[in-house]
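Chains as they are written, first to last, in the numbering used here: chain A, 1 to 60; chain B, 1001 to 1685.
Positions of the beta carbon are idealized from the N, C-alpha and C atoms, including for glycine.
Written below as structure tokens is the structure these notes are about.
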């Protein structure tokens, strides 16, 4: 059913390759970005749900 | 902070749980076909929707250290949403439906949903702009992404041309309608049932465990890869079947990849509890959350597995899918909501939970309820699949009649109902517990909190660029939109290309006026809830139903009615299979023709008279959408209809049945007898 419909679209085999490429590049970007984050910032972000009852001074 | 709002919302959540059970009282308004969309809509949009809003309105002001943008807007959002739910609860049993799954509501309600949804989003973004906290916590990212994506999905899928206030025809037809619908359906699950709840998990789980999330870095990767991949992973199993072998392998890899971010999230949730597992033993809130996160893990493993072709062949149309969604719904959404409520409710009334023992009872009732629900469904699915595809030594189907397999499943359906009842009873126990808790405390409308306003000019040097992103919500929202749109576009391009690529079959003609009215009765009564119209190219299906379905046969189907579950047999090749009188008696009492059938009787169809005054308007609407009725056909339509109706009445008379030509049954028979027959004309030529 889908088979016959989709086979009729020209160059459809390029779509999965494009998709995969976009995603892999994107994923690597996000991964490196997250890994390179400074530790103190991570700790600050992490503790956000815990601190909501306190007054917040000294924000970065 | 908007405590008052939260309280009201939660009250509604409790009330909507009462929608959950399904029953049939022997009249058209409460038969299964109409109750099923009511059930799915009530659970998804009333129960889960209100849970999301409550959680967001609770956590967001606390994370941003600022109230929601506008209190009136919050109230507008709240009352608007409840009105929509009310409208759904009235219109769906009346049979006013577009029949597109999880988007059944007719167009005036669709517009209302869009308005209320935008109010919700404006409220969130307004609060973000006025916040007193420089950075956005990961939960807020999930909330934002959910808001944006649901808006996009809702608008595209609901495109339709109205006939009257309560009737419209889809802007898409056949294959294209199906592709758009399942693009919507899959992503509605992703961005209504998954991402908002992940946001809630990232807030309430650390809160309840009283320790920060295990890895914030992981949560960042989780967020971006999930919203990026989700948008295009769902229909991949539809797309890749069309491709050569190497591409299918690639497609499988892609679907499996979705497991990674999902499980990243699950692991992150569970590891947050490291060193706190002793608390899980005593704290019902954590118990609920642990089961919820585990259920999330199970479902997100099962999902990609189901997108494998060979697994899909078994699961599609059977109870497997039912089990799958209920583990997600009851386990992930339900239990996370319960956990959140048990945590939040006593704090709303500044007191302690009335009874921890009752909460534990609820936990066990719920857990057993899920098991009693899901396990029989898996057994039922496999039993039915194996029976359906069995051939005897002569090369004929071992169980030629679909009904033979259904009868086998009845005990499983009973167990399932028991599971559902158990789960519901657990929820009732919770409501009792909540009422008692509220009585012993005092409601806290607001909570005093102070935070200094942010300084305007903040521009540290050498700052890491992502930190700047996290400070700019609008920019961030744009980025998230781009991420989901890339996925959306990659999927939608083939869909648009499909329109010009569906091979036309010359013998396929538009429906006659009577058939069109019959089709609308079919839609109105939700027949699609149990009957598919899609014969798959398997030997055991072509042997049972007839020639497999072709794309070109559906070009005049607005909306498409392929269905997603077969509680009864496929109907695509029903046309001409039985005489008119068979259908007459079968609708009057299905068991008279098929002993043991689970189908509800429709005796009122024999008496209900049709009012065909809207027929010309329907024809004109369809003409506008491009259906090639001859010019001026709208004026001749009623005459054409009468001629065909008289023919059917004559044929029924021959079988000793007297019926008025303008009853519902006549139109329905006309439609059933037409279905899937156009292609036979080609063969005859």
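Between residue 1142 of chain B and residue 1196 of chain B, the C-beta spacing is below 9 Å. Here residue 1609 of chain B is exposed: its Cβ has fewer than 16 other Cβ atoms, across all protein chains shown, within 10 Å. Boundaries around residue 1161 of chain B are those of the beta strand (DSSP E), 1160 to 1164, since no alpha helix (DSSP H) includes it. Taking a contact as a CB-CB distance under 8 Å, the pair residue 1349 of chain B and residue 1292 of chain B does not count as one, their CB atoms being some 24 Å apart.
Bridge pairing for residue 1167 of chain B: B:1164 [DSSP]. The beta carbon of residue 1655 of chain B is closer than 6 Å to those of 1581 in its chain, skipping five residues each way along the sequence. In this structure, the CA atom of residue 1318 of chain B is about 8 Å from the CA atom of residue 1384 of chain B. The beta carbons of residue 1522 of chain B and residue 1415 of chain B sit about 31 Å from each other, so the pair does not count as a contact at 8 Å.
In this structure, DSSP gives residue 1200 of chain B a helical state, which the three-state scheme calls helix.
Inter-segment contact for the stretch 1268 to 1276 of chain B and the stretch 1211 to 1229 of chain B is present: three or more beta-carbon pairs are separated by less than 8 Å. The continuous stretches of alpha helix (DSSP H) do not include residue 1444 of chain B, and DSSP gives it neither H nor E. Using beta-carbon distances, residue 1263 of chain B does not count as an interface residue toward chain A, since no partner is under 9 Å. For the options B:1063, B:1640, B:1436, B:1207, the alpha carbon positioned closest to that of residue 1283 of chain B is the one of B:1207.
When DSSP states are grouped into helix, strand and coil, residue 1083 of chain B belongs to the helix group. With a threshold of 9 Å between beta carbons, residue 1139 of chain B makes contact with chain A.
By the Cβ criterion, the stretch 1120 to 1140 of chain B is not in contact with the stretch 1090 to 1099 of chain B, since fewer than three pairs of Cβ atoms, one from each stretch, lie closer than 8 Å. Leaving aside the five residues that flank residue 1121 of chain B on each side, the residues in its chain whose CB is nearer than 6 Å to its CB run, in chain order, 1147. Relative to the Cα of residue 1599 of chain B, the nearest Cα in the group B:1586, B:1606, B:1605 belongs to B:1586. Annotation: residue 30 of chain A to residue 1220 of chain B spans about 8 Å, alpha carbon to alpha carbon. Look at residue 1613 of chain B here: in three-state DSSP terms it is helix. About 7 Å separates the beta carbon of residue 1617 of chain B from that of residue 1164 of chain B, a gap short enough to meet the 8 Å contact definition. Put simply, the stretch 1309 to 1324 of chain B touches the stretch 1375 to 1395 of chain B. At least three CB pairs are less than 8 Å apart. The Cβ of residue 1515 of chain B sits no closer than 9 Å to any Cβ of chain A. Neighbours of residue 1349 of chain B in chain A, taken as residues at a C-beta separation under 8 Å, are lacking, since the least C-beta distance is about 17 Å. Out of B:1482, B:1347, B:1371, B:1289, the CA that lies nearest to the CA of residue 22 of chain A is found in B:1482. Per the C-alpha coordinates, the member of B:1277, B:1202, B:1310, B:1311 positioned closest to residue 1264 of chain B is B:1202. Distances from the alpha-carbon of residue 1412 of chain B to those of B:1570, B:1372, B:1402, B:1032 put B:1372 closest. Residue 1177 of chain B sits away from residue 1633 of chain B, with the two beta carbons spaced by 9 Å or more.
Along the stretch 1057 to 1068 of chain B, the positions whose C-beta sits under 7 Å from a C-beta of chain A are 1062, 1063, 1065, read in chain order. By the rule that beta-carbons nearer than 9 Å mark a contact, residue 1217 of chain B touches chain A.
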